[in-house]
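Count the sequence shown with this note's numbering and you get residues 534 to 846, in order. Using N, Cα and C, we set each Cβ at its ideal position, and we do this for glycine too. Scroll down for the structure; my scribbles are underneath it.
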Amino acid sequence: MSKEIKHKELIIIGGGPAGLTAAIYASRAKLDMLLIEDQIVGGQVRNSYTIENYPGFKSISGSDLADVMQQQAEELGAEIDEFDMIEKVNFSDDEKIIETSSYIYKADSVIIATGATPRKLPIPNEEKFSGKGIHYCAVCDGAMYEGKVVGVVGGGNSALEEALFLTKFASKVYMIRRYDYFKGEKTTIDEVMNHPKIEVLFNEDLVNVDGEDFMQKAIIKNTIDGSEKVMDMDAIFGFIGTEPKTAHFKEFIELTPTGNIKTDELMRTKVHGVFAAGDVREKEYRQITTAVADGTIAALQAEKVIVEKKKSK
């Protein structure tokens, strides 16, 4: 059976903070729009246990913030299609086609807000123990390790925050850091360094894990003298960065060597009418607030493109 073809003025790909913000602005502008999300709406923000740096909320969970954003967008009239996988796209200055598992869409303008996924740990047994001791979301999987010993690999805010969250369940949390410093906020670093359940292993790197059906051991290598040691651990949570979700777009959109989409300050890509917002694009800082700003700009610029196209008809 051939798929039904639908026309939309604006298609937003991705339902994280950038995409939801774009949907809010597009809905207020009365655009005929659709937000497509291949997973649950909210993006990576749903994995944050507590958010304390988003204006208007002294403290809110990531899932609650995502729910508030989604509710606001939908109440303004945004159409959201959850769990619809994109199969392929075709972008040009004159035509934007997006094919999902359900429909073929033709759009006047597109905002790419697909975000990023956690980078996998570069160890030989990653695949073997994925979900069986190797994890990338403490909020999702931390409760599995009540009273257990776990490790966290990474040195940024995400790793620090996840280590603190894991202390709610684990009896011991090792922070495995290949350098002798962290890159996070000072208040969070201080909290980690002073937490009685957390032990920081500076200048140490995870080189592999081992076990039978589930992970039982972590092999740690000293980055200064090269010595190795085996430590009993029930799980490792990796937070070593993210990889942008741009596989569908690389043929049409200019990417950086790391796979992020190149845009100007108005979120414009090299294809007229195609914009990028949030963690998927090339930029210095990746925060919820910066994603929201990107989504705002992208939606306002997309509206201009759509209005101009109407005038030219």
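Coil, strand or helix - residue i by DSSP
i	result
G532	Given that the chain is displayed from residue 534 to residue 846, the structure contains no residue 532 and the question cannot be resolved.
S845	helix
G576	helix
V820	Here the sequence assigns Gln to residue 820, which means Val is not the residue at that position. DSSP places Q820 in coil when its eight states are reduced to three.
Y638	strand
Y707	strand
M726	helix
M602	helix
M766	coil
N623	strand
M748	strand
G771	strand
V672	helix
E836	helix
S560	helix
K719	helix
D827	helix
E694	helix
M677	helix
L799	coil
E787	coil
E628	coil
G806	coil
E537	strand
D614	strand
P651	strand
D713	coil
L777	The sequence as given places Pro at residue 777; Leu does not occur at that position. If DSSP states are grouped into helix, strand and coil, P777 belongs with the strands.
G811	helix
L734	strand
L609	coil
Same chain, Cβ closer than 8 angstroms to residue i, five either side skipped, listed in chain order
i	result
D746	K665
M602	P550, L553, T554, I557 and G575
R561	L609
K750	V742, D743, G744, V763, M764, D765 and M766
E542	L564, D565, M566, A640, D641, S642 and I839
E787	I794, K795, T802 and K803
A676	F702
Within 8 angstroms, strictly: CB atoms of residue i and residue j
i	j	result
A703	K681	yes
I848	L568	Outside the displayed span of the chain (534 to 846) sits residue 848, for which this structure offers no information.
K629	V643	yes
V763	I656	no
E761	I773	no
I709	E737	yes
E794	E815	With the sequence shown as reference, residue 794 is identified as Ile, and Glu is not the correct amino acid for it. Cβ atoms of I794 and E815: closer than 8 angstroms.
M566	E608	no
D626	K842	no
N518	C670	Residue 518 falls outside the range modelled here, since the chain spans only 534 to 846, and no answer is possible.
M766	V672	no
I571	N658	In the sequence on display, residue 571 carries Asp and not Ile. Contact flag unset, no.
K639	H781	no
K563	I637	no
L699	V686	no
Neighbour-count burial assignment, residue i, 16 or more Cβ in a 10 Å radius
i	result
Q604	exposed
F770	buried
Y712	exposed
F616	exposed
Y818	exposed
G759	exposed
M726	exposed
I573	exposed
E798	exposed
F590	exposed
A606	buried
I757	exposed
A824	buried
Own chain, CB closer than 6 angstroms to residue i, minus 5 neighbours either side, in chain order
i	result
E632	E620 and K621
F624	F785, V804 and V807
I593	I584
E732	Y707
S635	D617
K716	G688 and G689
Chain-order list of residues whose beta-carbon lies under 7 angstroms from that of residue i (same chain, five-residue window excluded)
i	result
A778	The amino acid occupying residue 778 in the given sequence is Lys; Ala does not appear at that position. Cβ neighbours of K778 beyond the five flanking positions: T647, G648, A649, T650 and V813.
E718	N690
V578	G549, P550, G595, L598, A599 and I821
T789	K795 and E815
T721	N690, L693 and E694
E724	L697
CB contact below 8 angstroms: residue i versus chain C
i	result
H805	Annotation note: the requested chain C is absent from the structure, which comprises a single protein chain.
Any non-hydrogen atom of the ligand COA within 7 angstroms of residue i CB
i	result
R561	Judged by which ligands are present, the structure shown has none, so any question about the ligand COA falls away.
- Assess, as a yes-or-no matter, whether the segment 678–692 is touched by the segment 808–816 under the definition of 3 or more beta carbon pairs within less than 8 angstroms. no
- Query: Taking three-plus beta-carbon pairs below 8 angstroms as touching, is the segment 830–839 in contact with the segment 595–602?
  - Reply: no
- Task: Evaluate the contact criterion for the segment 557–567 versus the segment 817–836: three or more CB pairs, one atom per stretch, below 8 angstroms.
- Result: Touching, yes.
- If we count Cβ pairs, one from each stretch, closer than 8 angstroms, do we get three or more for the segment 655–670 versus the segment 545–553? no
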